[in-house]
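To start, the structure under review is shown below, and the notes come after it.
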Amino acid sequence: MERTFLMVKPDGVRRKLVGEIIRRMEQKGFTLEAARMLVISRELAEKHYIEHWGKPFFEELVNFICSGPVVAMIWKGHDAIALTRRMVGHRDPHQALPGTIRGDYAALKTENLVHAADSPEAAAREIALFFNEASP
Ligand code: CDP
Ligand code: MG
Numbered sequence: 158m159e160r161t162f163l164m165v166k167p168d169g170v171r172r173k174l175v176g177e178i179i180r181r182m183e184q185k186g187f188t189l190e191a192a193r194m195l196v197i198s199r200e201l202a203e204k205h206y207i208e209h210w211g212k213p214f215f216e217e218l219v220n221f222i223c224s225g226p227v228v229a230m231i232w233k234g235h236d237a238i239a240l241t242r243r244m245v246g247h248r249d250p251h252q253a254l255p256g257t258i259r260g261d262y263a264a265l266k267t268e269n270l271v272h273a274a275d276s277p278e279a280a281a282r283e284i285a286l287f288f289n290e291a292s293p
């Protein structure tokens, strides 16, 4: 059993896809362990996306992720980290396959509905960031 961090981004909340994303994760067999809705502060956004600091899209990404409420979640299941990434699909809308969340619902490179941890280290870090020390 593994825990992963999955977040519905502001576009997913605006487009009312929270239920659809949770449905897909439950249907896969994963268990929702915790969830919280919050508007991310700039400070939390910069911590969360620290690996992208200084990249050309960083400002746009931080502004976007702070632009409305998100739903942050902890999901539990067998190989949950890698399998959730597969269900989310590729970041590039031209490469995100149909059947994935992004492939089925997203066409833009920044507004792509979901974030999912990409390693055990990232999952632990992001869970701590959003569920231990984050303030809305
Ligand atoms: O989200 P994921 O881990 O699949 O992709 P990433 O490469 O870690 O990038 C993080 C996020 O930055 C993406 O999900 C996009 O929202 C955004 N991004 C962007 O706006 N423009 C890019 N050229 C690359 C990423
Ligand atoms: Mg990433």
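Following this note's numbering, the numbering of the sequence shown begins with 158 at its first residue and continues without gaps. Ideal Cβ positions, reconstructed from N, Cα and C, are used throughout, including at glycine. Predicted model, so just to flag it, every value in this text is computed and none were measured.
With 16 other Cβ atoms within 10 Å as the buried cut-off, status of residue i
i	result
Pro-277	exposed
Val-245	buried
Phe-214	exposed
Trp-210	exposed
Met-169	The question names Met, but residue 169 in the sequence shown is Gly. Per the 10 Å Cβ criterion, buried.
Pro-293	Note that Pro-293 has pLDDT 44, beneath the 50 cutoff, so the model's placement of it is unreliable and no number is given.
Arg-248	exposed
Ile-207	exposed
Ala-311	With the chain covering only 158 through 293, there is no way to say anything about residue 311.
Residue i beta carbon near the ligand MG (any heavy atom closer than 7 Å)
i	result
Asp-249	no
Asp-275	yes
Residue j beta carbon less than 8 Å from that of residue i
i	j	result
Gly-234	Gly-176	no
Ala-274	Ile-238	yes
Residue i Cβ short of 7 Å to the ligand CDP heavy atom set
i	result
His-272	yes
Lys-266	yes
His-209	yes
Leu-201	no
#### Entry: Stretch pair the stretch 223–234 + the stretch 189–199: three plus CB contacts closer than 8 Å
yes
### Task
Report the residue ranges of all alpha helix (DSSP H) runs contained in full by the stretch 242–270; include only those spanning at least 4 residues, in chain order.
258–262
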